[in-house]
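Colleague:
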Amino acid sequence: MAKDPIKLGNFEVPTEFSVFAGAKLNQYPPHNSIPKVGREYHDVANGLFYEGGTLSDFGAILNPGVDSGLFHGALKAYLASFEPKHEHKMDAAAWLISECCTVSALTPHAL
Numbered sequence: 001m002a003k004d005p006i007k008l009g010n011f012e013v014p015t016e017f018s019v020f021a022g023a024k025l026n027q028y029p030p031h032n033s034i035p036k037v038g039r040e041y042h043d044v045a046n047g048l049f050y051e052g053g054t055l056s057d058f059g060a061i062l063n064p065g066v067d068s069g070l071f072h073g074a075l076k077a078y079l080a081s082f083e084p085k086h087e088h089k090m091d092a093a094a095w096l097i098s099e100c101c102t103v104s105a106l107t108p109h110a111l
């Protein structure tokens, strides 16, 4: 059974990533098309990038119906990439988190 792709606006997040080398620049939505999302989503992205851990370590949970494998593969590939500028990478990761997760509470990491 085919999995439904993850979409960010009109941009379909690719499912073929290298979680070791990271995503290619053309696998990111254009930076100027990424909407502003709440700081809590950036806090989760920054925490995962700089400290590692799990979504729940930063007060986030995956929304029902989101394919965990697709989401985690895309997030890891976005965060591991060296191709885009850091701001582009983090904005895309925060948008992905905002579309696929609920941030339920501030944790000590997010303060």
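If you read the sequence shown in UniProt numbering, its first letter stands for residue 1, the second for the next number, and so on. For each residue, glycine too, the CB sits at the ideal point set by N, CA and C.
1. May I have a chain-ordered list of the alpha helix (DSSP H) segments no shorter than 4 residues that lie completely inside the segment 6 to 52?
2. Cα separation between leucine 55 and lysine 85?
3. Using a 10 Å radius around the Cβ and a threshold of 16 neighbouring Cβ atoms, would you call phenylalanine 58 buried or exposed?
4. Which partner residues of threonine 102 appear in the DSSP bridge assignment?
5. Using the Cβ count rule (16 or more neighbours within 10 Å means buried), how would you classify residue 200?
6. If alanine 93 and leucine 75 are in contact, beta carbons under 8 Å, what's the gap, nearest whole angstrom?
7. Can you give me the Cβ contacts of leucine 79 inside the same chain, cut-off strictly under 6 Å, excluding the 5 residues immediately before and after it?
8. Using the Cβ count rule (16 or more neighbours within 10 Å means buried), how would you classify arginine 29?
Modeller: Based on what the coordinates show:
1. 39 to 51
2. Here the alpha carbon of leucine 55 sits roughly 23 Å from the alpha carbon of lysine 85.
3. By the neighbour-count rule (16 or more Cβ atoms within 10 Å), phenylalanine 58 is buried.
4. Ile61
5. With the chain covering 1 to 111 only, the question about residue 200 has no answer from this structure.
6. At roughly 6 Å, the Cβ-Cβ gap stays under 8 Å, so alanine 93 and leucine 75 are in contact.
7. Phe49 and Ala93
8. Before going on, a small fix: residue 29 reads as proline here, not arginine. Label assigned to proline 29: buried.
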